[in-house]
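> Have a look at the structure that comes next, please.
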Amino acid sequence: MERLFWRAGTLIVIGYALLPVAWIVSLSLKPAAELNDQRFFPRSLSLEHYRAIFSDAQFPAALWNSIGIALLATLLAVSLAMFAAYAIVRLEFPGKRWILAGALSIAMFPPIAIIGPLFNLWRITGLFDTWAGLIVPYTTFTLPLAIWTLSAFFRDIPWDLDRAARVDGASGWQALRYVIAPLAAPGVFTTAILVFIFAWNDFLFASALTSTNNARTVPAAIAFFTGSSRFELPTGSIAAASVVVTIPVMLMVLIFQRRIVSGLTAGAVKG
Amino acid sequence: MSDGSQSERRLGWLLCAPALTAMLLVCAYPVLYALWLSLHRYDLRFPQEWTFVGLANYVSILSSPVWWQSLGNTLIITIGSVTVELILGLAFALLMHRAVFGRRTLRAAVLVPYAMITVVAALAWKFAFDPTTGFVNALLGLDQAWLTDRGSAFFVIIFTEIWKTTPFVALLLLAGLTLVPQELLQAARVDGAGVVQRFFRVTLPLVKPAILVALLFRTLDAFRIFDTVFVQTRGAQDTESVSIVGYNTLVVRLNLGLGSAVSVLIFLCVVLIAILFVRGFGTPFTQRGERG
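This is the structure in structure tokens:
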């Protein structure tokens, strides 16, 4: 009886999580004529919406912007955070508590509070509607997350192995390359995924600081998709574009699920 | 030794400097700049009318019903979503903790909403509740235009928020649950405590720190809500959140003076919420900072 209860619960949670995904996939595969049939599953399948979004210039450009901007912001944020986290975990210096607390307060920070100034500064400096104009705020806003998660991971690394390797005759570089780097890699990789997802997900900065295909990322592009008439939402195209940007990230998350769960909770609970 | 610690100190600051500089330049400086802009009349459509106006922008915002309405809306969304998320999240966490089969599948499943772009999730639910494309009305046998009525629009917005963020709450609480020692629960059982008593007297107090962390994170996060409201209603039907008001004033109406004043007020609200939390519950964060 109890077993049945837990099993039913498990099935409900899986259904809860997958329902909207199944729905948007189904919507994207419905032929245009059947979009309004109010059915959950499509009666016939068609790839017309996928063909439509890729034959238009807007979506491929947005996809390219999203990938490029998110990757570069991830690279920057994780590199900067690596130095900081190493210092926080390995070195004794006054003020490191302040750095962690400051990072935390930025994590709580409402992004809308700096949209106005950034908008004005980017307008003046020419960063408006460029990749750099988004990479800069993404890097900053993900730094707290990156520093906290990396510090939590770095704390669990047996750093003494480094000294042991040096005693055994390894050079400083060799010790780093063959002993410490492999130990640190999973944490760095996990942090990179979390940072990437943040940048990939952002809509506020993307919609306020871009205006054309130059730097507009996918979330903003999808939200501003226009159909054949101004008053009609291009449901099919939106659904197809949504599937294209959701599936790769979802696969990545599912493949590395164990690490991501520990990354998400490490910074917050273990501290 | 003092030489060593001094160079260590210098190295520590040196390694943190790039990250700190980035955070100061892109957060602290713009906030001060926003503060300065908020004291001026500065409308990008009439840039020549730029003048210092003191607190006039704040007076006009605080005396406008739009601000108070949006603040009320934001609080409705925040309280509505965070309450349900905590209860549902705790249920999910208990389930993941106790699940006898498919633990991995369960954990993978809850990551799905987390990995979905907020805009996409908001659109998926918008289409689902839509009276012409959606399946919800057909399923429930209703004929409801969900997003054109204030009450049901709030329902859809809050529902979407809950769907998207409950897994995050659940994972935080699960991490808290794994810290509850099994022996303690065994001992309570031996002493004759029932399931309910064990939950409220043993589990819940031990998970409390994790609950507070989740509560604080989610409250501040929900208070900034923008994506879901923008995509689902654009603030129509009186569902504007404070972030939407800020965005419209800044980016749509290009009124940087007034918009910056809205931004500063939102910033102050967030600080106020954080202070209330720390005062009300004691802070799990300072302790963590100290251990850090």
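Protein chains in written order, with the working numbering: chain A, 1 to 271; chain B, 1001 to 1292. Glycine is no exception: its CB is placed at the ideal position from the N, C-alpha and C atoms.
1. Between which two residues does the alpha helix (DSSP H) harbouring K30 (chain A) extend?
2. Please confirm if N201 (chain A) has its CB atom under 7 Å from at least one CB of chain B.
3. Please identify the residue among A:V188, A:F5 and A:A164 whose C-alpha is closest to the C-alpha of R155 (chain A).
4. Starting from the beta carbon of N1137 (chain B), find every residue of chain A whose beta carbon is closer than 9 Å, and list them in chain order.
5. Which bits of chain B does T246 (chain A) rub up against, with CB to CB less than 8 Å?
6. Output needed for N1057 (chain B): all residues of its chain with C-beta closer than 6 Å, excluding positions within five of it in sequence on either side, in chain order.
7. Could you tell me whether any Cβ in chain A is nearer than 7 Å to the Cβ of E1049 (chain B)?
8. Buried or exposed for G1012 (chain B), going by 16 or more other Cβ atoms inside 10 Å?
9. Mind pulling the chain A residues with CB within less than 9 Å of T1323 (chain B)?
10. Which residues in the same chain as W159 (chain A) place their Cβ atom closer than 7 Å to its Cβ, once the five residues preceding and following it in sequence are excluded?
11. Would DSSP call F1092 (chain B) helix, strand or coil?
12. Under three-state DSSP, which class holds R1041 (chain B)?
13. In three-state terms, what does DSSP make of T1286 (chain B)?
14. Any C-beta of chain B sitting closer than 7 Å to the C-beta of I255 (chain A)?
15. Confirm, please, whether the CB-CB distance from T1133 (chain B) to T246 (chain A) is below 7 Å.
16. At a CB-CB cut-off below 7 Å, which residues of chain B make contact with G9 (chain A)?
17. Between which two residues does the alpha helix (DSSP H) holding V1112 (chain B) run?
18. Below 8 Å on the Cβ atoms is my contact criterion, and I expect T1160 (chain B) with T1074 (chain B) to pass it. Report the Cβ-Cβ distance as a whole number of Å.
19. Give the residues of chain B in contact with S242 (chain A), contact being defined as C-beta atoms less than 8 Å apart.
20. Who pairs with T210 (chain A) in a beta bridge, going by DSSP?
21. Please state the DSSP three-state secondary structure of N1255 (chain B).
22. Does M1 (chain A) come within less than 7 Å of chain B when only Cβ atoms are used?
23. In chain order, what residues of the region 49-82 of chain A put their CB closer than 7 Å to some CB of chain B?
24. Please say whether F59 (chain A) and I53 (chain A) have beta carbons closer to each other than 7 Å?
In short:
1. Walking along the first sequence from the start, residue 30 (chain A) turns up at place 30. Unbroken run through K30 (chain A): none, as it is neither H nor E.
2. Taking the first residue of the first sequence as 1, we reach residue 201 (chain A) at position 201. N201 (chain A) counts as touching chain B.
3. If you number the first sequence from 1, residue 155 (chain A) lands on position 155. R155 (chain A) has its Cα closest to that of A:V188, out of A:V188, A:F5 and A:A164.
4. Position 137 of the second sequence, counted from the start, is the residue given in the question as residue 1137 (chain B). The answer, in chain order, is Q38.
5. The residue given as residue 246 (chain A) occupies position 246 in the first sequence. Taking the beta carbon of T246 (chain A) as reference, the chain B residues within 8 Å of it are A1115, M1116, I1117 and V1120, listed in sequence order.
6. In the second sequence, residue 1057 (chain B) corresponds to position 57, counting from 1. Correct list, in chain order: S1038, G1257, L1258 and A1261.
7. For this step, residue 1049 (chain B) is matched to residue 49 along the second sequence. Closer than 7 Å: no.
8. Residue mapping note: residue 1012 (chain B) aligns to position 12 of the second sequence, counting from 1. With 16 or more Cβ atoms within 10 Å of its Cβ, G1012 (chain B) is classed as buried.
9. The structure shown does not extend to residue 1323 (chain B), since chain B is modelled only from 1001 to 1292, so the question has no answer here.
10. As a working mapping, residue 159 (chain A) is identified with position 159 in the first sequence. Closer than 7 Å at Cβ, skipping near neighbours: R90.
11. Reading the second sequence from its first residue, position 92 is the one you call residue 1092 (chain B). DSSP places F1092 (chain B) in helix when its eight states are reduced to three.
12. As a first step, residue 1041 (chain B) must be located in the second sequence, where it is residue number 41. Three-state result, R1041 (chain B): strand.
13. Along the second sequence, one-based indexing puts residue 1286 (chain B) at 286. For T1286 (chain B), the pLDDT reaches just 43, beneath the cut-off of 50, and the residue's location in the model is therefore unreliable, leaving the point undetermined.
14. Here residue 255 (chain A) corresponds to residue number 255 of the first sequence, with the count starting at 1. No, its Cβ sits nowhere closer than 7 Å to a Cβ of chain B.
15. Looking up residue 246 (chain A) in the first sequence gives position 246. Looking up residue 1133 (chain B) in the second sequence gives position 133. Cβ atoms of T246 (chain A) and T1133 (chain B): not closer than 7 Å.
16. The residue you call residue 9 (chain A) lines up with position 9 of the first sequence. L1095, listed in chain order.
17. Locating residue 1112 (chain B) in the second sequence gives position 112, counting from the first residue. Residues R1103 to A1115.
18. Walking along the second sequence from the start, residue 1160 (chain B) turns up at place 160. Walking along the second sequence from the start, residue 1074 (chain B) turns up at place 74. Going by Cβ atoms, the distance from T1160 (chain B) to T1074 (chain B) rounds to 15 Å, so no, they are not a contact pair.
19. The sequence position of residue 242 (chain A) within the first sequence is 242, counting from 1. In chain order: I1117, V1120, L1123 and A1124.
20. Working through the first sequence from its first residue, we reach residue 210 (chain A) at position 210. T210 (chain A) is not bridged to any residue.
21. Walking along the second sequence from the start, residue 1255 (chain B) turns up at place 255. Here N1255 (chain B) sits in strand by DSSP.
22. Taking the first residue of the first sequence as 1, we reach residue 1 (chain A) at position 1. Output row for M1 (chain A): interface = no.
23. L80 and A81
24. For the purposes of this step, residue 53 (chain A) is taken as the residue at position 53 of the first sequence. For the purposes of this step, residue 59 (chain A) is taken as the residue at position 59 of the first sequence. In contact: I53 (chain A) and F59 (chain A) (Cβ atoms closer than 7 Å).
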